[in-house]
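Below is one structure, written out as structure tokens; the observations come after it.
Okay, structure coming up:
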């Protein structure tokens, strides 16, 4: 077999994956055409419904509406940013979990913290409602203890929405995210730790000098993966917790797009146009990261 | 041996397949897809109503409920070119459905449906308006009445303030002249009734946000309904005043301001359930039926509390007149409500015949009795004079078990999931000579001729709610006309979504303001924001959209006089 034929044959190996990628990632981009049409079901799109950039102008031409999109972007960045800033939390959690000497207790803590990951957000909210509503467990206990005389409105509070959302997210995900780190910890060479102990290192010193440095490569891989989802911080969580009091701070891009497409009569072109914004911002983010990487490491990755 | 076994097994399998298909051929029911904007249940109709139609027509209903699975189902199904076999859709959508070729021309079969054609007048008016042609039929209006466009049959109106009679008497039955008097009364009621019998906290108001923006009205449903207490009715985003002119809802002389302010004052007095903004209808409803709410305002809402026992005990809810109010009420919906029945474009042949046969039964006395009255022997019995007598009137409220002979299961679970009727419950049942709705039966009136009712009549010198309103000149009855508002185009829909979102968000925050200064400042901020979201454009659009209906109503009212 000549080199040329062989390269053709080898190309065939990756062909299924190319087709899959085209089908899964490029074909859906066809949906973007809806942003350029005055599409209103049941009438299908046709050359008559083509309106060009009308929907983009609709967003940009009105300062109030533009500010609204800005607010949504700020929320998205803020909540993803907080998650990113605290992304070390599961790692530290795993490290301390590993330090628990009593095995049954460690297993218990691990199970209890991992379990919430398998509960859907809808159920998380119903738990939250039962615990935190005006007649919920927390308010009942506080009232009967005489700490407060009027129930605290936890769920309809406008304060610290971003942070509280992060708390819920962490409650749900931390245990699950720690599993990766626990696996990495078990891969650390025992000899290093033994040697450190012989040299008289304390527990904290072992954590600081050995465990954490050994976990950092795993940490960076996970941070990179999370960065890719910076703008897609999901919508279920915010959808179930959203109400008229915290809406201003809780509406993220995905939720905003969903709300436009489904509330009232629904407006698919406008919501498609705004969701395209996500791709534009993503590409911009990519270039920024690439530039930063080039400045810091001397080489980009694109 | 193995080979022999496998051959044997294959033969056995084939045989069983043959027998299954043979049996199936005999009785396979016809499955009918019902695309339904009214349904609150998605999936195959089950329980007693499924048995009723299976026994009569051997059909099964597969309900596709846009309210359950989301509006997107409308887009995807119409993209496929097949919405369903039976269509129950919002009236404003029907013209575009016909235009897109998704609804069938039923001119050939409809005139043969004698039960439906009892409403020929209304059906003709609607379809002529739709197609411009005489004798061409696409749609059947829903909940039509056999009265007249200007009659008001009901003795209660859709929305009015209702209080617990025992509590109202306990605070001395004060005469109420204004909303402030009502607040004073509610403060006293809250003092004597801070919790229900189970020691759970009770409040005069418990609101819920999940109906906001419904029924062609922007803003929180709990406010826009209450504006009718002052004769103002929201049409989309424009407030229809008693003198038939339109005003902006955010003006400070509008009833919208008045009611929002009223609810905020109530909050400042501690009369509003703190969970109001975060609970959904189910939570609010559970509170109503457990006695944790002291004010009701929808006529049907009392159904969650007023049982025959409570009416007798005098602990039921009753309309309490407030002197300065002037009530807007719709007259009988002679021309039908806001939805339409139609047939899917793809329905042909035998299926078409069977669907039309089913719909005609659905509009006939037997079908209507099942829809509005339930099952004989469970929900009502037939007296010696042949008239209906209420029996187990809590069947729906408490989801009572249905005997196996009627299909088993819970009554509410097996209730008609189409959730939309062609014939209104105020029509007369030819079998009894009385209206279908239970509250008009003589037997029911006799049962509920209670002490409470007598006391109320004496105190307010009137027979019933509507009688009091008429006697005191407090009723603005709006006649029924045939009118279909055009569906929003994309631009208007986008503005409406923004305006509704902004209005709901601000109004809910206005309810929970801690001072009047904060309230006024936030109101001004809301006006600025609404203007920013092009409220003016939407307002102008809605005024023009609804003006023909207003003109027709004025003409109808003049004709009735």
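Chains as they are written, first to last, in this note's numbering: chain Z, -2 to 299; chain G, 517 to 1077.
Cβ coordinates follow ideal geometry from the N, Cα and C atoms, glycine included.
No experiment lies behind these values; they were computed from the predicted model shown.
Whole-angstrom distance between residue j and residue i, CA atom to CA atom
| i | j | result |
| --- | --- | --- |
| residue 538(G) | residue 606(G) | Any reading at residue 538(G) must be qualified, since the residue scores a pLDDT of 48, below 50, and its modelled position is unreliable; the value itself is stated next. Cα-Cα distance, rounded: 41 Å. |
| residue 675(G) | residue 771(G) | 14 Å |
| residue 1059(G) | residue 231(Z) | 40 Å |
| residue 689(G) | residue 991(G) | 23 Å |
| residue 106(Z) | residue 214(Z) | 25 Å |
| residue 903(G) | residue 963(G) | 14 Å |
| residue 1031(G) | residue 65(Z) | 27 Å |
| residue 629(G) | residue 664(G) | 22 Å |
| residue 670(G) | residue 982(G) | 8 Å |
| residue 293(Z) | residue 284(Z) | 14 Å |
| residue 655(G) | residue 580(G) | 19 Å |
| residue 969(G) | residue 825(G) | 13 Å |
| residue 87(Z) | residue 212(Z) | 11 Å |
| residue 1009(G) | residue 45(Z) | 19 Å |
| residue 1056(G) | residue 767(G) | 15 Å |
Nearest candidate by alpha-carbon position, reference residue i, set the options
| i | options | result |
| --- | --- | --- |
| residue 168(Z) | 117(Z), 149(Z), 211(Z) | 117(Z) |
| residue 70(Z) | 259(Z), 228(Z), 260(Z), 163(Z) | 228(Z) |
| residue 608(G) | 1004(G), 1057(G), 667(G), 1068(G) | 1004(G) |
| residue 698(G) | 906(G), 1008(G), 930(G), 785(G) | 785(G) |
| residue 170(Z) | 192(Z), 194(Z), 187(Z), 108(Z) | 108(Z) |
| residue 567(G) | 1000(G), 921(G), 939(G) | 921(G) |
| residue 960(G) | 727(G), 898(G), 1021(G), 850(G) | 898(G) |
| residue 653(G) | 667(G), 660(G), 638(G), 659(G) | 638(G) |
| residue 928(G) | 938(G), 916(G), 935(G) | 916(G) |
| residue 660(G) | 550(G), 594(G), 851(G) | 851(G) |
| residue 1012(G) | 1051(G), 649(G), 555(G), 799(G) | 1051(G) |
| residue 1087(G) | 668(G), 712(G), 953(G), 693(G) | The structure shown has nothing for residue 1087(G), since chain G only spans 517 to 1077. |
Residue span of the alpha helix (DSSP H) that contains residue i, given as start and end
| i | result |
| --- | --- |
| residue 173(Z) | 158 to 183 |
| residue 777(G) | 771 to 784 |
| residue 235(Z) | 233 to 238 |
| residue 220(Z) | 209 to 225 |
| residue 58(Z) | 51 to 58 |
| residue 1066(G) | 1051 to 1076 |
| residue 906(G) | Premise fails: residue 906(G) lies in the beta strand (DSSP E), 904 to 906, not in any alpha helix (DSSP H). |
| residue 680(G) | Careful: residue 680(G) lies outside any alpha helix (DSSP H), inside the beta strand (DSSP E) at 675 to 680. |
Element boundaries [beta strand (DSSP E), containing residue i]
| i | result |
| --- | --- |
| residue 835(G) | 833 to 835 |
| residue 763(G) | 762 to 764 |
| residue 604(G) | 602 to 606 |
| residue 154(Z) | Element bounds for residue 154(Z): n/a, residue is neither H nor E. |
| residue 751(G) | 749 to 751 |
| residue 305(Z) | The structure shown has nothing for residue 305(Z), since chain Z only spans -2 to 299. |
| residue 979(G) | Element bounds for residue 979(G): n/a, residue is neither H nor E. |
is_contact[residue i, chain G] using C-beta, thresh 9 Å
| i | result |
| --- | --- |
| residue 25(Z) | no |
| residue 146(Z) | no |
| residue 132(Z) | yes |
| residue 315(Z) | Outside the modelled stretch of chain Z, which goes from -2 to 299, sits residue 315(Z), for which no answer is possible. |
| residue 247(Z) | no |
| residue 3(Z) | no |
| residue 49(Z) | no |
| residue 143(Z) | no |
| residue 65(Z) | yes |
| residue 68(Z) | no |
| residue 40(Z) | yes |
Contact with chain Z by residue i, beta-carbon distance below 9 Å
| i | result |
| --- | --- |
| residue 898(G) | no |
| residue 1024(G) | yes |
| residue 540(G) | Low per-residue confidence applies at residue 540(G): pLDDT is 48, beneath 50, and the placement is therefore not dependable enough to give any value. |
| residue 1006(G) | yes |
| residue 741(G) | no |
| residue 1045(G) | yes |
| residue 563(G) | no |
| residue 635(G) | no |
| residue 725(G) | yes |
| residue 640(G) | no |
| residue 955(G) | no |
Problem - Members of the segment 785 to 798 of chain G that neighbour chain Z once the beta carbon cut-off is set at 9 Å - result: The segment 785 to 798 of chain G vs chain Z, Cβ under 9 Å: 786, 789, 790, 791, 792, 793, 794, 795.
Practice task
Scan the segment 602 to 620 of chain G for residues whose Cβ lies nearer than 7 Å to a Cβ of chain Z and list them as they occur along the chain.
Solution key: So the list reads 612, 613, 616, 618, given in the order they occur along the chain.
Practice task
Give, in chain order, every residue of the segment 146 to 168 of chain Z whose Cβ lies closer than 7 Å to some Cβ of chain G.
Solution key: Answer in chain order: 148, 150, 152, 153.
Exercise for the section: Could you please tell me which residues of the segment 570 to 593 of chain G, in chain order, have their CB closer than 9 Å to any CB of chain Z? Expected result: Residues 586, 587, 588, 590, 591, 592, 593.
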